[in-house]
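Under the UniProt record's numbering, the first residue of the sequence shown is numbered 1, with each subsequent residue one higher.
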Amino acid sequence: MTPSLGWLSALIAGFLSVHVLQKLCFPYFWRDLVFLLRVMRYGVNLELFKLRSRVHTVLDRFIQQAQRVPDKPFVIYEGSVHTYRDIERRSNRLAHVFLEDVKLRKGECIALLMSNEPDFLCVWFGLAKVGCSVAFLNINIKSKSLLHCVNCCGAKTLIVGADLVDSMNGILSSLQEENIQVWAMKSHTEHTHVHTLLDKVEAASEQPVPASLRATTSLKAPTLYIFTSGTTGLPKAAVITHLQSLKGAAGFWAFGATEDDVMYIPLPLYHSAASLIGIGGTIELGATCILKKKFSASQFWNDCRKYDVTVFQYIGELCRYLCNQPPTEEDMIHKVRMGVGNGLRPDVWREFQSRFGNVKMCEVYGSTEGNLCFMNHIGKIGTVGRSNFFYRLLFKYDLIKYDMVKDEPVKDQHGFCQTVKK
């Protein structure tokens, strides 16, 4: 064998050895690297905006998309198609009403109590266009808990969906006593102390309000207040900054979704999953979303087939409900390729994929009020996220040992938590 052939053989053998070693010891190396590069690219874009002394928000991105793809369907709700232009113009109308009739001013916090519907987005964006932060209220809370939520975010204005006005009867007098004005998405109402918005919206201008009203100087400025479930007491407001909103909006994109995808959002918009990841993610991509008023296990797959859904949002129980539906011959006839959510049990995960096909499930582990989240971008069953060398380069965190029997962290003799590698 000539020296040159010997070197070539050794080089090939070396590459093969490294490849085998990587496959055995670091099987997800390349997928982790690609995911890291995607996340870093998004972070670089945010830094570039800051260097230009301009804070770019989710609302700015929506306005960009409305200019780029005005006629593209943004939201499909109960069979009605609402394009990016439609939502942009209606939110402009609402912004004018908020300024001229409701008399809102930049910097105020407004409470929003609405079910899933396109006008939820129009009100949200309209308020953001006049520089107001928005507190999303859980439509299932009532009486004192609802009053507590309105008060704790400092709102002096409450906007209510047409279908929820009657649920306010028990606290209207209390709201009036505290000088909190109530505006309903209706043309008329029999409630004395409830003002109407729809009649004013129809007469309002579609022209944009001044961009200076929505301008902010910091990504850390609050834009939303989203409430915890209140399982251990009264609901608590988690402050959502523009930066957190942008991170949430990058979720679909980071998992590999594109503008050609059709998202299915059956979760409530007052929760961060649907609003930040679902709506924000759809906007970031310039995609289309199917918005459901309420999740229905019996309608889910028919909707997916009807609208050519490719990506859906879930919580773990949602997938269990789908698995509990009677089997049909059409179970694998759909275009769904990915689910994004959290809380999916391994047994349900396996059953879901066995029955409905190889749908990649992308788990997200985090909390509304948290400052860190993990993402299972590889689709490994039973995993809530990835912790690796690349991720630790971007974020500072420690994983600690936990006693599953005692349901508490394991501590050493000095009372400190014990860290683990993974």
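Cβ coordinates follow ideal geometry from the N, Cα and C atoms, glycine included.
Whose CA, out of the options, lies closest to the CA of residue i?
| i | options | result |
| --- | --- | --- |
| residue 88 | 289, 268, 63, 222 | 63 |
| residue 211 | 96, 253, 357 | 96 |
| residue 313 | 135, 420, 206, 290 | 290 |
| residue 296 | 277, 268, 201 | 268 |
| residue 318 | 343, 420, 327, 135 | 343 |
| residue 261 | 215, 351, 73, 116 | 73 |
| residue 381 | 204, 362, 413, 421 | 362 |
| residue 240 | 415, 206, 229, 276 | 276 |
| residue 66 | 396, 184, 90 | 90 |
| residue 119 | 163, 56, 225, 100 | 163 |
| residue 311 | 326, 266, 327, 351 | 266 |
| residue 60 | 113, 126, 36 | 126 |
| residue 111 | 151, 340, 122, 214 | 151 |
| residue 179 | 307, 166, 165, 154 | 154 |
| residue 259 | 285, 113, 273 | 285 |
| residue 222 | 414, 238, 229, 233 | 238 |
| residue 99 | 80, 172, 185, 204 | 204 |
| residue 229 | 181, 94, 139, 253 | 139 |
| residue 80 | 113, 271, 117 | 117 |
| residue 199 | 94, 145, 166, 214 | 94 |
| residue 224 | 181, 271, 253 | 271 |
| residue 397 | 415, 414, 413, 374 | 374 |
| residue 165 | 404, 233, 327, 113 | 113 |
Since residue i contacts residue j with CB under 8 Å, what's their CB separation in whole angstroms?
| i | j | result |
| --- | --- | --- |
| residue 255 | residue 137 | That belief does not hold up - the Cβ atoms of residue 255 and residue 137 are roughly 29 Å apart, past 8 Å. |
| residue 76 | residue 288 | 7 Å |
| residue 364 | residue 251 | 7 Å |
| residue 202 | residue 92 | About 13 Å; that fails the 8 Å criterion. |
| residue 115 | residue 293 | 6 Å |
| residue 170 | residue 143 | 5 Å |
| residue 149 | residue 235 | 6 Å |
| residue 341 | residue 273 | 7 Å |
Once the 5 residues before and after residue i are set aside, which same chain residues still bring their CB inside 7 Å of it?
| i | result |
| --- | --- |
| residue 331 | 355, 356 |
| residue 58 | 245, 246, 249, 280, 283 |
| residue 345 | 316 |
| residue 426 | What is shown of the chain runs 1 to 422, which leaves residue 426 out entirely. |
| residue 71 | 83, 85 |
| residue 402 | 409, 410 |
| residue 55 | 49, 216, 217, 218, 219, 242 |
| residue 174 | 147 |
| residue 353 | 359 |
| residue 305 | 333, 334 |
| residue 325 | 297, 298 |
| residue 176 | 193 |
Closer than 6 Å by C-beta to residue i: which residues in its own chain qualify, once you throw out the five before and the five after it? Chain order, please.
| i | result |
| --- | --- |
| residue 124 | 134 |
| residue 68 | none |
| residue 320 | 348 |
| residue 19 | Annotation note: pLDDT 46 at residue 19 (below 50); position unreliable, no value reported. |
I'd like the list of long-range same chain contacts for residue i, defined as Cβ closer than 8 Å, with 5 residues on each side in sequence excluded.
| i | result |
| --- | --- |
| residue 309 | 262, 263, 264, 290, 303, 334, 335, 336 |
| residue 379 | 360, 361, 362 |
| residue 183 | 102, 157, 158, 159, 160, 194, 195, 196, 197 |
| residue 78 | 293 |
| residue 406 | none |
| residue 350 | 381 |
| residue 172 | 182, 191, 193, 194 |
| residue 322 | 297, 300, 301, 352, 356 |
Practice item. For the region 67-111, list the beta strand (DSSP E) runs that are entirely contained and at least 3 residues long, ordered along the chain. Key: 73-77, 80-83
**Study point:** Ranges of the beta strand (DSSP E) found wholly within the region 315-368, counting only runs of at least 3
**Key:** 338-342, 360-365
Check your understanding: Is the region 130-144 touching the region 294-301 in the sense that three or more CB pairs, one from each, lie closer than 8 Å?
Key -> no
Check your understanding: Can you list the alpha helix (DSSP H) stretches of 4 or more residues lying completely in the region 118-169, in chain order?
Key -> Runs of the alpha helix (DSSP H) inside the region 118-169: 118-129, 143-152.
Check your understanding: Is the region 189-200 touching the region 105-116 in the sense that three or more CB pairs, one from each, lie closer than 8 Å?
Key -> Not touching, per the Cβ criterion.
Exercise for review: Kindly provide the ranges of any alpha helix (DSSP H) runs that are 4 or more residues long and lie completely inside the region 208-263, ordered along the chain.
Suggested key: Secondary structure within the region 208-263: the alpha helix (DSSP H) runs of 4 or more consecutive residues, fully enclosed, are 242-249, 251-254 (chain order).
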